[in-house]
Amino acid sequence: MRNAGKNLKLTVNNLSVCYHDEGPIKAPTIVFIHGFPLNKSMWDVQLEVLKSDFRVIAYDIRGHGGSDAGIEKFSVSLFADDLLHFIDALEIENPIVCGLSMGGYIALHAIGKSPDRFAGLVLSDTQCISDTPDIRAKRMKSIENINKNGVAHYAEESIKNLFGSDSFTTRKSEISAVRDMIVQTSKQCLSHTLFALAERKGTCSKLQDIAVPVLVIVGKEDKITPPAAAHLLHEKIQGSRLEVLPKAGHLANMESPSRFNDHLRNFIKTFDKKTIPQILARDLVFSGNT
Numbered sequence: 007m008r009n010a011g012k013n014l015k016l017t018v019n020n021l022s023v024c025y026h027d028e029g030p031i032k033a034p035t036i037v038f039i040h041g042f043p044l045n046k047s048m049w050d051v052q053l054e055v056l057k058s059d060f061r062v063i064a065y066d067i068r069g070h071g072g073s074d075a076g077i078e079k080f081s082v083s084l085f086a087d088d089l090l091h092f093i094d095a096l097e098i099e100n101p102i103v104c105g106l107s108m109g110g111y112i113a114l115h116a117i118g119k120s121p122d123r124f125a126g127l128v129l130s131d132t133q134c135i136s137d138t139p140d141i142r143a144k145r146m147k148s149i150e151n152i153n154k155n156g157v158a159h160y161a162e163e164s165i166k167n168l169f170g171s172d173s174f175t176t177r178k179s180e181i182s183a184v185r186d187m188i189v190q191t192s193k194q195c196l197s198h199t200l201f202a203l204a205e206r207k208g209t210c211s212k213l214q215d216i217a218v219p220v221l222v223i224v225g226k227e228d229k230i231t232p233p234a235a236a237h238l239l240h241e242k243i244q245g246s247r248l249e250v251l252p253k254a255g256h257l258a259n260m261e262s263p264s265r266f267n268d269h270l271r272n273f274i275k276t277f278d279k280k281t282i283p284q285i286l287a288r289d290l291v292f293s294g295n296t
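Under our numbering, the first residue of the sequence shown is numbered 7, with each subsequent residue one higher.
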């Protein structure tokens, strides 16, 4: 039996996972996967706007937000296994998975493991390549800085790269929320996740095998996974759609929520009715958001 609401707990893959689950149970389901070093609350606007028409779920990756870290060594492959077990535990058939940055890495690894489990993918501000030696070295340096200077200092340094230029004057509440998310994450989990990201395998060679609808979204001012990375995904995933959001950086869904939500809605409305049977006989009426 489904438990709907916020900050629910579920044991998944020997792990206590914290998640939100809202919207009608028989509607198409969207599972949101947050980026690093954030948690499920980065999707609050999307859940609030879309819950009247979809079943919307956002969960905390192990070690982030309200989810336990567990005892296993962090890896993106493990995070993908957690996602698949989470979907099984909630008895969700063929969800649309929407992942940003690290969430996109997880989504791509998960569909590589179980290509028939998803109805579609939304890949936001992410990429398929593994870390270059330079990026890997920067992650190791970040681990050193976290241990030496603390999480608050790391949060301030991270924010400089997470947002587009205009957001520092127009999205102050979002910046504050992101700062809080980072500060609430332990040194250990931040470090373990950074190492997992540095060691992850690339997925570019598997993109041609993706056989579900895919929407690629990127902020035009994304410094971490720039538009070129999104164009590469779009080129390699047959039939995918690409949307570049102006005046947005790495956190496109928080910096340009109205455009992000509109693209997500329009993407789902184009699905083949055989892909998502629940859409049959439904006219999707979406509420606006600014």
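In this text, a Cβ means the ideal position worked out from N, Cα and C, and glycines have one as well.
Sixteen is the threshold: since fewer than 16 other Cβ atoms of the shown chains lie within 10 Å of the Cβ of threonine 276, the residue is exposed. By the neighbour-count definition (other C-beta atoms within 10 Å, threshold 16), threonine 35 is a buried residue.
Lysine 212 and valine 220 have their C-alpha atoms some 14 angstroms from each other. Between the alpha carbons of asparagine 272 and asparagine 151 lies a distance of about 42 angstroms. Annotation: the continuous beta strand (DSSP E) that includes threonine 35 extends over 35–39. In the pairwise beta carbon analysis, the segment 101–112 is classified as not touching the segment 137–152: fewer than three pairs are separated by under 8 angstroms.
When rounded, the separation of the alpha-carbon atoms in leucine 14 and aspartate 27 is 8 angstroms. Distance check between isoleucine 149 and each of Thr199, Ile112 and His237 places Thr199 closest, using alpha-carbon atoms only.
For lysine 15, the secondary structure class from DSSP, reduced to helix, strand or coil, is strand. Following the DSSP letters along the chain, one finds arginine 206 in no beta strand (DSSP E), marked with neither H nor E. The segment 219–234 makes contact with the segment 242–252; the number of CB pairs closer than 8 angstroms reaches 3 or more. DSSP places isoleucine 63 within a strand segment (E or B) once states are collapsed to three. Between glutamine 52 and phenylalanine 38, the C-beta gap is smaller than 8 angstroms, which places the two residues in contact. Bounds of the beta strand (DSSP E) holding aspartate 27 are 21–28.
Taking asparagine 153 as the centre and dropping the five residues before and after it, the same chain places the C-beta of Lys193 and Ser197 closer than 8 angstroms to its C-beta, in chain order. In the structure shown, the three-state DSSP call for arginine 8 is coil. Under the DSSP assignment, glutamate 249 falls in the beta strand (DSSP E) whose first and last residues are 247–251.
Leucine 89 and asparagine 167 have their C-alpha atoms spaced approximately 27 angstroms apart. DSSP lists Val250 as the bridge partner or partners of valine 224. In the three-state reduction of the DSSP assignment, valine 218 falls in the coil class. By the neighbour-count criterion, in which a residue is buried when 16 or more other Cβ atoms sit within 10 angstroms of its Cβ, lysine 57 is buried. Apart from sequence neighbours up to five positions away, the residues of its chain that approach threonine 231 with a beta-carbon distance below 6 angstroms are Asp131, Thr132 and Gln133, ordered along the chain.
Taking a C-beta distance under 8 angstroms as the contact criterion, valine 224 and alanine 202 do not qualify as a contact pair.
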